[in-house]
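Right, one structure below, let's go through it.
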Amino acid sequence: MPGPTPVHVQGDPELPEKVDVVVIGGGIIGSSTALELAEAGYSVAVCEKGGIGHEQSSRNWGWVRITRRDPREIPLMAESLRLWKTIDERLGRSTGYRTTGITFVCKNEKMVENYRNWKRHLEPFQIKSEILSPQEMRDLNPGSQLTGAGALHTPADGRAEPQKAAPAIAEAARDRGAHILTKCAVRTVETEGGRVSGVVTERGPIRCSSVVLAGGAWSNLFAGNMGIDLPALGVVSHVLRTEPIEGGPKEATWTNDFAIRKREDGGYTISRGAGTTVDIVPNSFRYAAKYLRALKMQGRELHFRISEQFLREARRAKKWSSSEVTPFEEDENRIFDPIPSPKMVNSLLANASAAFPALKDAKVAQKWAGCIDVTPDAIPVISEVKATPGLYMATGFSGHGFGIGPAAGGLMADLVTGRTPRVDPKEFRFSRFTDGSRIAPDLGY
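In terms of the working numbering, the sequence shown opens at residue 157 and continues consecutively.
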């Protein structure tokens with residue numbers, strides 16, 4: 157069963173000869189970066205190997221949350237919540253955004269205490285988050301049968317429609333002068349005197365002075381061809397959506413067994429609360445030492461498997477020139493469409509229906525999977541690459557990119573243009589992987 161179908165964005169028929177900035181990748185991060193640059197008066201071209209928002213940007217849960225974020229992401233996510241509130245007006249298009257609140261159910265008292273400690277990180281931003289008793293948790297969703305020791309509830313969180321958001325942002329960037337190029341993989345970044353001077357795409361060259369790599373799960377491969385080691389591994393998340401149904405929870409809700417949110421069409425998107433699939437691939441061994449701390453902290457949430465993906469990546473070209481066809485141009489890679497695991501999705505609707513009986517008659521409309529690029533510390537790279545002046549990265553969002561996307565694109569544009577960064581970018585610097593910094597996720601408690 158193919159993945160979800162984003163709103164179609166027709167790519168421009170011709171390449172520009174020259175722009176200020178080329179953005180590699182047309183997901184929500186690349187599109188948001190392009191929008192911010194275009195609004196600032198810079199000429200920009202988005203080069204996407206497939207279609208706008210066709211990979212993880214349209215396959216995620218659609219959550220716009222500050223809840224349970226790594227504390228290092230909270231300042232940027234607070235800015236993103238501000239941007240989402242008026243994003244449809246800004247774009248002149250609908251993203252389906254709604255401020256609805258999100259609830260994280262605690263299975264035991266230890267988790268309640270952990271969340272109580274975490275929510276102190278919101279205090280500087282005057283964002284309310286509260287611990288609910290078991291009864292208050294159920295009262296928030298009348299008719300629910302949620303069980304647990306309580307819940308963490310943040311009213312300021314919300315949801316949007318992944319199949320609409322990145323396309324809407326890209327079209328708005330085009331309204332402001334950006335070039336949107338689909339089925340246009342970038343092969344190489346060209347330099348003169350060590351500085352970025354342009355790119356070569358499968359359709360020809362584009363001269364530019366800056367390049368932003370926002371290629372999601374493909375960024376590691378692209379960077380490697382440039383001799384740049386970007387530590388990132390892919391994990392696969394499995395999702396289903398239901399047909400529209402009356403009743404059901406209005407708020408997005410997370411439990412260990414499932415995560416659910418109401419869709420604009422009246423159905424529900426449901427995924428695993430705790431649990432993603434990790435395909436063992438050659439890079440798993442290459443980066444194993446860098447992920448040891450993350451495995452110790454979150455290993456129970458990961459399900460490892462050996463699949464055909466190992467051989468696929470082992471055989472994949474790692475180096476190429478501007479005159480060679482790249483892996484990004486191969487038919488199977490234009491849109492990476494992982495197969496959802498029956499083990500991971502078959503019990504989702506039953507688990508959600510046990511907590512929300514109104515869903516017992518819901519029908520599954522679609523199942524899909526998406527590949528998430530995860531860094532060893534589970535926070536993104538939003539940074540210059542000092543070894544190559546003019547090269548920047550906005551990647552490695554570790555499953556958090558959709559909600560934080562508008563502000564992340566803004567921060568990336570801040571760095572490219574040299575304007576004052578909206579938040580301190582230090583935590584997202586690329587050099588943290590080589591400067592001796594401690595690399596590990598921060599749960600915030």
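Glycine included, C-beta positions come from ideal geometry on N, C-alpha and C.
_Own chain partners of T223 with C-beta closer than 7 angstroms, once the 5 adjacent residues on each side are dropped_ = Along the sequence shown, read from residue 1 onward, the residue named residue 223 stands at position 67. Once the five neighbours on either side are set aside, the close Cβ partners of T223 are I258, F260, S285, L308, T310 and D313.
*Look at the alpha carbon of Q319 and the alpha carbon of P496, and state the distance between them as a whole number of angstroms.*
As a first step, residue 319 is located in the sequence shown; it is residue number 163 there, counting from the start. As a first step, residue 496 is located in the sequence shown; it is residue number 340 there, counting from the start. Cα to Cα, Q319 sits roughly 18 angstroms from P496.
*asked:* Tell me whether the region 355-370 and the region 336-344 touch, counting them as touching only if at least three CB pairs, one residue from each stretch, are closer than 8 angstroms.
replied: yes
*Work out the CA separation of D244 and Y253 for me, nearest whole Å.*
Translated into the one-based positions of the sequence shown, residue 253 becomes position 97. Translated into the one-based positions of the sequence shown, residue 244 becomes position 88. When rounded, the distance between both Cα atoms is 8 angstroms.
*What whole-angstrom Cβ distance do A329 and A194 have, given they're in contact under 8 angstroms?*
Here residue 329 refers to the residue found at position 173 when the sequence shown is read from its first residue. Here residue 194 refers to the residue found at position 38 when the sequence shown is read from its first residue. So it is a contact: roughly 5 angstroms between Cβ atoms.
*Three-state secondary structure (DSSP) of K452*: Here residue 452 is taken as the residue at index 296 of the sequence shown, counted from 1. It is helical.
*Does the region 583-592 come close enough to the region 537-557 to have 3 or more Cβ pairs within less than 8 angstroms?*
yes
*Count the other C-beta atoms from every protein chain shown that fall within 10 angstroms of the C-beta of I208, then say buried if there are 16 or more, exposed otherwise.*
Counting from 1 along the sequence shown, the entry for residue 208 is found at position 52. Looking at its Cβ environment, which holds 16 or more other Cβ atoms inside 10 Å, I208 is buried.
*Runs of alpha helix (DSSP H) lying entirely within the region 218-267, each at least 4 residues, in chain order*: 230-241 and 243-247
*Can you name the residues that DSSP bridges to W524?*
Mapped onto the sequence shown, residue 524 falls at position 368. Answer by DSSP bridge pairing, in chain order: V395.
_Cβ contact check for the region 226-237 and the region 382-392: 3 or more pairs under 8 angstroms_ = no
*Name the two residues that bound the continuous alpha helix (DSSP H) containing F441.*
Start at 1 with the first residue of the sequence shown, and residue 441 comes out as number 285. F441 -> alpha helix (DSSP H) spans P438 to R442.
*In whole angstroms, what separates the C-alpha of V179 from that of P562?*
Mapped onto the sequence shown, residue 179 falls at position 23. Mapped onto the sequence shown, residue 562 falls at position 406. Roughly 15 angstroms separates the two Cα atoms.
*Can you list, in chain order, the residues of its chain whose CB lies under 6 angstroms from that of A473, leaving out five sequence neighbours each side?*
Within the sequence shown, the letter at position 317 stands for residue 473. So the qualifying residues of the chain are P483.
_Separation of T256 from I491, as counted between CA atoms_ = The sequence position of residue 491 within the sequence shown is 335, counting from 1. The sequence position of residue 256 within the sequence shown is 100, counting from 1. Straight-line Cα distance between these residues: approximately 31 angstroms.
*Looking at the structure shown, is L171 part of a helix, part of a strand, or coil, going by DSSP?*
By 1-based counting over the sequence shown, the position of residue 171 is 15. Coil at L171, not helix or strand.
*asked:* For chain C, check one thing: does any of its Cβ atoms lie closer than 8 angstroms to the Cβ of S539?
replied: Looking for chain C here will not work: only one protein chain is present.
_Could you check whether R272 and I287 sit closer than 8 angstroms to each other, using their CB atoms as the reference points?_
Sequence index remark: in the sequence shown, residue 287 carries index 131 (1-based). Sequence index remark: in the sequence shown, residue 272 carries index 116 (1-based). Going by C-beta atoms, I287 is nearer than 8 angstroms to R272.
*What is the DSSP secondary structure of S587, counted as helix, strand or coil?*
Counting from one through the sequence shown, the residue named residue 587 turns up at place 431. Helix.
*Check R363 in the structure and name its three-state DSSP category.*
The count along the sequence shown starts at 1 and reaches residue 363 at position 207. If DSSP states are grouped into helix, strand and coil, R363 belongs with the strands.
*Less than 8 angstroms separating the beta-carbons of A525 and H394?*
Indexing the sequence shown from 1 puts residue 525 at position 369. Indexing the sequence shown from 1 puts residue 394 at position 238. Yes, the Cβ-Cβ distance between A525 and H394 is below 8 angstroms.
*asked:* Quick check: what's the CA-CA separation for Y447 versus T251?
replied: As a working note, residue 447 is residue 291 in the sequence shown. As a working note, residue 251 is residue 95 in the sequence shown. Each residue's Cα considered, the two are about 35 angstroms apart.
*Does DSSP put H164 in a helix, a strand or coil?*
What you label residue 164 is simply residue 8 of the sequence shown in a count that begins at 1. Of the three classes helix, strand and coil, the one that applies to H164 here is coil, per DSSP.
*Mind checking whether V165 and E420 have CB atoms under 8 angstroms apart?*
Along the sequence shown, read from residue 1 onward, the residue named residue 165 stands at position 9. Along the sequence shown, read from residue 1 onward, the residue named residue 420 stands at position 264. Against a cut-off of 8 angstroms, the Cβ pair of E420 and V165 comes out as no contact.
_Cβ-based burial, Q212 [other Cβ within 10 Å; buried from 16]_ = For the purposes of this step, residue 212 is taken as the residue at position 56 of the sequence shown. Counting Cβ neighbours within 10 Å, Q212 comes out buried, since at least 16 surround it.
*Mind reading off the beta-carbon distance from L602 to V520? Whole number of angstroms is fine, and I expect it under 8 angstroms.*
With the chain covering 157 to 601 only, the question about residue 602 has no answer from this structure.
*For the beta strand (DSSP E) containing T310, list its first residue and its last residue.*
The residue given as residue 310 occupies position 154 in the sequence shown. That run of the beta strand (DSSP E) goes G306 to T310.
*asked:* Distance check for R461 and G206, CA to CA, integer angstroms please.
replied: Stepping through the sequence shown from its first residue, residue 206 is reached at position 50. Stepping through the sequence shown from its first residue, residue 461 is reached at position 305. Those two C-alpha atoms are separated by around 27 angstroms.
*Since K418 sits in a beta bridge, which residues does DSSP pair it with?*
In the sequence shown, residue 418 corresponds to position 262, counting from 1. The partner list for K418 (beta bridge, DSSP) reads Y424.
*asked:* Taking the beta strand (DSSP E) that D435 belongs to, which residues open and close that run?
replied: Reading the sequence shown from its first residue, position 279 is the one you call residue 435. Residues T432 to D435.
_Identity of the residues DSSP links to R351 by a beta bridge_ = Within the sequence shown, residue 351 is the residue found at index 195, counting from 1. R351 pairs with E348.
*Hey, quick one: how far does the beta strand (DSSP E) through T189 stretch, first residue to last?*
Here residue 189 corresponds to residue number 33 of the sequence shown, with the count starting at 1. Here T189 belongs to no beta strand (DSSP E); instead the alpha helix (DSSP H) covers I184 to E195.
*CA-CA distance, R578 and G559?*
Locating residue 578 in the sequence shown gives position 422, counting from the first residue. Locating residue 559 in the sequence shown gives position 403, counting from the first residue. Their backbone Cα atoms lie some 17 angstroms apart in a straight line.
*From the DSSP output, in three-state form, read off L377 for me.*
Mapped onto the sequence shown, residue 377 falls at position 221. Helix, per DSSP.
*Alpha carbon of T433 to alpha carbon of S463, nearest angstrom*: Taking the first residue of the sequence shown as position 1, residue 433 is located at position 277. Taking the first residue of the sequence shown as position 1, residue 463 is located at position 307. Distance between the alpha carbons of T433 and S463: 11 angstroms.
*Relative to the C-alpha of D580, which residue among G566, N264 and T544 is closest?*
The count along the sequence shown starts at 1 and reaches residue 580 at position 424. Closest by alpha carbon: G566.
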